[in-house]
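Written out below as structure tokens is the structure these notes cover.
Numbering (my numbering), first residue to last: 81 to 253.
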């Protein structure tokens with residue numbers, strides 16, 4: 081008898097074996113009262129039939145959204161670094177560099193390593209990691225900012241932190 085079957089059985093008081101698991105009951109799948117409908121993605125008319133991943137990414141993160149994130153991140157970094165009197169100046173973030181940052185973030189969500197430094201080890205390095213150093217990645221992550229400076233946040237207006245991007249995405253969709 082396979083080991084799994086032995087684990088699922090117990091002995092009764094007379095020494096016979098009894099199944100510990102109950103048999104499965106019949107199951108009727110749920111059926112909708114309304115007729116099924118066709119669903120399909122709606123793309124812009126000029127969108128390619130076989131898009132690349134970059135083109136799909138560009139649907140949500142177009143130039144205007146990326147420029148907003150770049151401007152807000154640069155502003156936030158400069159304000160925070162000047163407030164603490166940092167000796168190291170902030171190197172301005174640009175749109176291509178932000179795209180690389182996003183590529184690294186997406187890759188890190190798919191491929192998990194025990195610590196962040198491992199992604200930059202030569203033996204494990206993916207193509208995206210060749211275009212940004214670990215230090216630069218950590219700087220961008222530290223100062224990444226969606227909202228412009230001076231937004232007052234309280235419990236009733238928590239959504240202001242994502243407001244500029246939320247409005248841009250609302251206009252697009």
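Backbone N, C-alpha and C define an ideal beta-carbon position, used for all residues, glycine too.
Measuring CB to CB, does residue i end up less than 8 Å from residue j?
i, j, result
"residue 215", "residue 178", "no"
"residue 145", "residue 248", "yes"
"residue 220", "residue 148", "no"
What residue range is occupied by the uninterrupted alpha helix (DSSP H) comprising residue i?
i, result
"residue 214", "214–223"
"residue 176", "175–190"
"residue 145", "143–164"
"residue 135", "133–140"
Apart from the five residues just before and just after residue i, which ones in its own chain have a Cβ nearer than 7 Å to its Cβ?
i, result
"residue 218", "none"
"residue 196", "none"
"residue 128", "135"
"residue 156", "223, 225 and 229"
"residue 206", "187"
Out of the options, point me to the one whose CA is closest to residue i's CA.
i, options, result
"residue 256", "154, 162 and 191", "Residue coverage of the chain in this structure runs from 81 to 253, which leaves residue 256 outside it and unanswerable."
"residue 251", "142, 137 and 125", "142"
"residue 134", "190, 176, 120 and 111", "176"
"residue 152", "174, 136 and 162", "174"
"residue 185", "140, 212 and 169", "212"
Grab me the residues of residue i's own chain with a C-beta within less than 8 Å of its C-beta, minus the 5 sequence neighbours each way, in chain order.
i, result
"residue 159", "229"
"residue 190", "none"
"residue 193", "199 and 204"
"residue 208", "180, 183, 184 and 187"
Starting from the C-beta of residue i, find all residues in its chain whose C-beta is less than 6 Å away, skip the five residues before and the five after it, and write them out in chain order.
i, result
"residue 161", "170"
"residue 83", "At residue 83, the pLDDT of 47 sits below 50, so the modelled position is not reliable; the number obtained from the coordinates is stated separately. If we look at residue 83 and ignore the five residues flanking it on each side, it has no Cβ neighbours."
Requested in this report: Could you tell me whether the region 214–228 touches the region 240–251, using the rule of 3 or more Cβ pairs below 8 Å?
Outcome: yes
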